[in-house]
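In the numbering used here, the protein residues as written are 373 to 556.
As structure tokens, this is what we get:
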């Protein structure tokens, strides 16, 4: 599993998915971790590191887009049209940057509004780069853990990968439904 080309492809998929949020990046990390655990459990650490690297590079690109697009981009995101909500998000970001960035990565549709809010409040590039690194690493570890869960239950690698991917997709959909109901 942990061939350099496989890990590079994982990084590319996660980076692309961080910029184009329709790609299920968590499922990619979970599936890779489940497969790696069947081959050599130590390779799961490489999956975590390469998945985190892809998320980090993708977040930097998305943050650049948010800083460049700024107000025009914010007008298109319904969640950020409310100035009170923007102020509340800015306050949370100033107080607890790592935890806010981590939670935004774990909630479907939560990352882009948080990155946009950080860009609009003028969060310094260096500060963003430093605080986003542990958030990406924790995110990758969480999704790799889901993959290891699949490995622990199923004897065959393909079953583990399928279970991990399906579990991530189900969790994402449930979280999205709960989030929509809270907003309504």
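Heads up, the beta-carbon is just placed ideally off N, CA and C, and yes, glycines get one too.
**OP:** For residue 512, I'd like the list of residues in its chain whose CB is within less than 7 Å of its CB, leaving aside the five on either flank, ordered along the chain.
**Re:** 401, 420, 423, 424, 427
Original post:
Hey, out of 410, 414, 463, whose CA is closest to residue 523's CA?
Top reply: 410
**OP:** Identify, in the order they occur along the chain, each residue of the same chain with its Cβ nearer than 6 Å to the Cβ of residue 495, setting aside the five sequence neighbours on each side.
**Re:** none
**OP:** For the segment 422 to 508, list the alpha helix (DSSP H) runs that are entirely contained and at least 4 residues long, ordered along the chain.
**Re:** 455 to 467, 469 to 478, 483 to 492
Original post:
residue 501: buried (16+ other C-beta within 10 angstroms of its C-beta) or exposed?
Top reply: exposed
Original post:
Okay, do the segment 479 to 497 and the segment 456 to 466 touch, 3+ Cβ pairs below 8 Å being the bar?
Top reply: yes
**OP:** Give the DSSP-derived three-state secondary structure of residue 388 in the structure shown.
**Re:** helix
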